[in-house]
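Residue numbers (my numbering), protein chains in the order written: chain Z, 1 to 132; chain R, 133 to 380.
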């Protein structure tokens with residue numbers, strides 16, 4: 001647009017640029033995947049998730065046993081919990097929920113924006129894990 | 133290649149040995165400057181040199197070095213924008229540094245006779261732990277105690293809580309381990325595999341051509357993995373950061 005006065009066109013351009021940037025910033029974080037889901041790499045990831053779950057569970061269990069001198073009970077308990085956590089992670093990875101803890105992505109999918117606009121209200125309404 | 137490991141013969145694992153180059157041991161504490169530390173220094177110096185030289189001219193039409201510097205900047209900037217959004221921008225320096233450090237570590241490992249510092253779990257676990265602790269602190273700073281709401285997914289019956297909460301807690305603590313384990317295992321397995329196949333080349337005589345071809349192909353694959361693992365490490369950091377900031 002060569003006919004535009006310089007000030008006018010600059011302002012217009014700025015406005016459009018800002019709008020475009022805002023629009024781009026809006027689409028935050030869908031479930032990750034795509035390029036990572038290529039055969040070997042994907043298999044490797046699932047393997048590490050499973051192993052990591054068990055490793056963390058056993059480590060925490062052994063730590064608690066060492067501290068409370070209850071060997072081997074916490075190790076046994078946390079072995080199963082850790083294996084469960086590992087499987088849960090695998091399930092999340094495979095179904096494409098991503099790596100997030102919890103199922104917020106699934107909750108959010110049907111009503112986009114509702115939770116993102118007002119996170120305090122949304123979280124306050126739900127049952128929180130404060131009783132843990 | 134493994135023969136330089138001093139008496140350890142041709143073990144494919146000899147390449148991962150830590151050797152102190154300059155012995156520093158104040159008060160029984162082993163702070164020696166090792167070959168691992170040497171390659172970390174090389175990696176950091178190379179990354180800084182690349183970016184310094186790349187941004188020195190600041191031409192409108194970038195030269196080769198400037199293109200590389202700009203590409204790496206934009207690669208990480210886009211990754212943060214796509215995975216974390218606008219609030220992630222202030223964490224750019226950290227994530228960019230992390231990517232460069234891991235990337236140069238993996239790539240330096242592909243140079244013959246070099247040492248791959250990312251093949252030691254303590255290195256990757258150290259980085260993963262920094263990410264984990266940092267992200268958790270950011271989450272608590274931003275959301276306060278509600279950050280714990282993370283551990284109880286909405287819409288689950290209350291009587292399930294005693295089972296779900298420990299599993300979710302463990303699942304959360306799995307993050308640094310799987311992050312560290314993935315990078316470490318990929319680098320170690322890849323380099324060991326290369327060495328094992330390479331040791332077949334001479335042992336099989338004429339038929340050594342087969343493992344030789346395989347090693348050639350695997351070397352290409354290792355380059356891809358070196359980049360991919362740096363990418364995965366960085367993108368998972370972004371994902372965790374996004375979780376802490378936006379709390380899904």
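Just so it is clear, CB atoms sit at the ideal spot from N, CA and C, and this is done for glycine as well.
Fair warning: this is a prediction, and the values are worked out from it, not measured in the lab.
1. Does any residue of chain A have a CB that is nearer than 7 Å to the CB of residue 95/Z?
2. Is residue 212/R buried or exposed, if buried means 16 or more other CB atoms sit within 10 Å of its CB?
3. Taking residue 192/R as part of the alpha helix (DSSP H), name the residues at either end of that continuous run.
4. Can you tell me which of 239/R, 288/R and 174/R puts its alpha carbon nearest to the alpha carbon of residue 357/R?
5. Just reading off the alpha helix (DSSP H) that residue 270/R is part of, what are its end residues?
6. Taking the straight line between their C-alpha atoms, what separation do you get for residue 257/R and residue 308/R?
7. Opposite residue 165/R in the DSSP bridges: which residues?
8. Within 8 Å, do at least three Cβ pairs link the stretch 169-181 of chain R to the stretch 227-239 of chain R?
9. Please classify residue 29/Z as buried or exposed, where buried requires at least 16 other C-beta atoms within 10 Å of its C-beta.
10. Would you please verify whether the beta carbon of residue 20/Z is less than 7 Å from any beta carbon of chain R?
11. Run through DSSP, which three-state label would residue 287/R get?
12. How far does the alpha helix (DSSP H) with residue 343/R in it extend, from its first residue to its last?
13. Quick test of your reading: residue 247/R and residue 171/R, contact by CB under 8 Å. State the CB separation rounded to the nearest angstrom.
14. State the CB to CB distance for the pair residue 208/R and residue 228/R, rounded to an integer number of angstroms; the pair is presumed to be in contact (CB under 8 Å).
15. What residues of chain R sit near residue 48/Z, judged by a beta carbon separation below 7 Å?
16. Using the Cα positions of residue 68/Z and residue 58/Z, report the straight-line distance between them to the nearest angstrom.
17. Tell me the DSSP secondary structure of residue 72/Z in three-state form.
18. Could you work out which residues of chain R lie near residue 58/Z, taking near to mean beta carbons separated by less than 9 Å?
19. Starting from residue 246/R, follow the alpha helix (DSSP H) in both directions and report where the run begins and ends.
20. Does the beta carbon of residue 171/R come closer than 7 Å to any beta carbon on chain Z?
21. Sort 79/Z, 76/Z and 48/Z by Cα distance to residue 89/Z and report the nearest one.
22. So which of 230/R, 191/R, 378/R and 336/R has the shortest CA-CA distance to residue 276/R?
23. Assuming residue 370/R and residue 265/R make a contact with CB atoms under 8 Å, what is their CB distance in whole Å?
24. Against chain Z, does residue 305/R count as a neighbour if the rule is that its beta carbon must be under 7 Å from one of theirs?
25. Taking 7 Å as the CB-CB limit, is residue 55/Z close to chain R?
26. Using a Cβ-Cβ cut-off of 7 Å, state whether residue 84/Z counts as contacting chain R.
27. Given this structure, state the Cα-to-Cα distance separating residue 285/R from residue 279/R, to the nearest angstrom.
The structure says:
1. Checking the listed chains, one finds no chain A in this structure; the protein chains it contains are Z and R.
2. Working through the second chain from its first residue, we reach residue 212/R at position 80. Looking at its Cβ environment, which holds 16 or more other Cβ atoms inside 10 Å, residue 212/R is buried.
3. In the second chain, the residue the question calls residue 192/R occupies position 60. Looking at the DSSP string, residue 192/R is not in any alpha helix (DSSP H), and its letter there is neither H nor E.
4. Taking the second chain and counting its residues from 1, one reaches residue 357/R at position 225. Residue 239/R is the option with its Cα nearest to residue 357/R.
5. Taking the first residue of the second chain as position 1, residue 270/R is located at position 138. Start and end: 253-275.
6. In the second chain, the residue the question calls residue 257/R occupies position 125. In the second chain, the residue the question calls residue 308/R occupies position 176. So the alpha carbons of these two residues sit roughly 7 Å apart.
7. Start at 1 with the first residue of the second chain, and residue 165/R comes out as number 33. Beta-bridge partners assigned by DSSP to residue 165/R: 154/R.
8. When C-beta atoms of the stretch 227-239 of chain R are compared with those of the stretch 169-181 of chain R, three or more pairs fall below 8 Å, so the two segments count as touching.
9. As a working note, residue 29/Z is residue 29 in the first chain. Note that residue 29/Z scores 40 on pLDDT, short of 50, meaning its location in the model is unreliable and no value can be drawn from it.
10. Residue numbering aside, residue 20/Z sits at position 20 when the first chain is read from its first letter. No, residue 20/Z does not count as interfacial toward chain R.
11. Mapped onto the second chain, residue 287/R falls at position 155. In the structure shown, residue 287/R adopts coil according to DSSP, grouped into three states.
12. Here residue 343/R refers to the residue found at position 211 of the second chain. From DSSP, the alpha helix (DSSP H) with residue 343/R extends over 341-378.
13. If you number the second chain from 1, residue 247/R lands on position 115. If you number the second chain from 1, residue 171/R lands on position 39. With a Cβ gap of about 5 Å, residue 247/R and residue 171/R count as contacting.
14. By one-based count along the second chain, residue 208/R stands at place 76. By one-based count along the second chain, residue 228/R stands at place 96. Indeed they touch by this definition, with Cβ atoms about 5 Å apart.
15. Residue 48/Z sits at position 48 when you count from the first residue of the first chain. Those are 310, 313, 314 and 317, listed as they occur along chain R.
16. Taking the first residue of the first chain as position 1, residue 68/Z is located at position 68. Taking the first residue of the first chain as position 1, residue 58/Z is located at position 58. Spanning the two alpha carbons is a distance of roughly 15 Å.
17. In the first chain, counting from the first residue as 1, residue 72/Z sits at position 72. Three-state result, residue 72/Z: coil.
18. Residue 58/Z sits at position 58 when you count from the first residue of the first chain. Going along chain R, no residue has its Cβ under 9 Å from residue 58/Z, so there is no contact; the nearest lies around 11 Å.
19. Position 114 of the second chain holds residue 246/R. Careful: residue 246/R lies outside any alpha helix (DSSP H) and carries neither H nor E.
20. By one-based count along the second chain, residue 171/R stands at place 39. It does not; no Cβ of chain Z falls within 7 Å.
21. In the first chain, counting from the first residue as 1, residue 89/Z sits at position 89. Just measuring C-alpha positions, the residue of 79/Z, 76/Z and 48/Z sitting nearest residue 89/Z is 48/Z.
22. Sequence index remark: in the second chain, residue 276/R carries index 144 (1-based). The option with the nearest alpha carbon to residue 276/R is 378/R.
23. Counting from 1 along the second chain, the entry for residue 370/R is found at position 238. Counting from 1 along the second chain, the entry for residue 265/R is found at position 133. Contact doesn't hold; Cβ gap of about 17 Å is too wide.
24. To locate residue 305/R, count along the second chain from 1; it is residue 173. Chain Z, which has a Cβ nearer than 7 Å to the Cβ of residue 305/R, makes this yes.
25. Residue mapping note: residue 55/Z aligns to position 55 of the first chain, counting from 1. Proximity of residue 55/Z to chain R, defined by a Cβ-Cβ separation below 7 Å, is satisfied.
26. Counted from its first residue, the first chain places residue 84/Z at position 84. It does: the Cβ of residue 84/Z has a partner Cβ on chain R nearer than 7 Å.
27. As a first step, residue 285/R must be located in the second chain, where it is residue number 153. As a first step, residue 279/R must be located in the second chain, where it is residue number 147. Approximately 12 Å between the Cα atoms of the pair.
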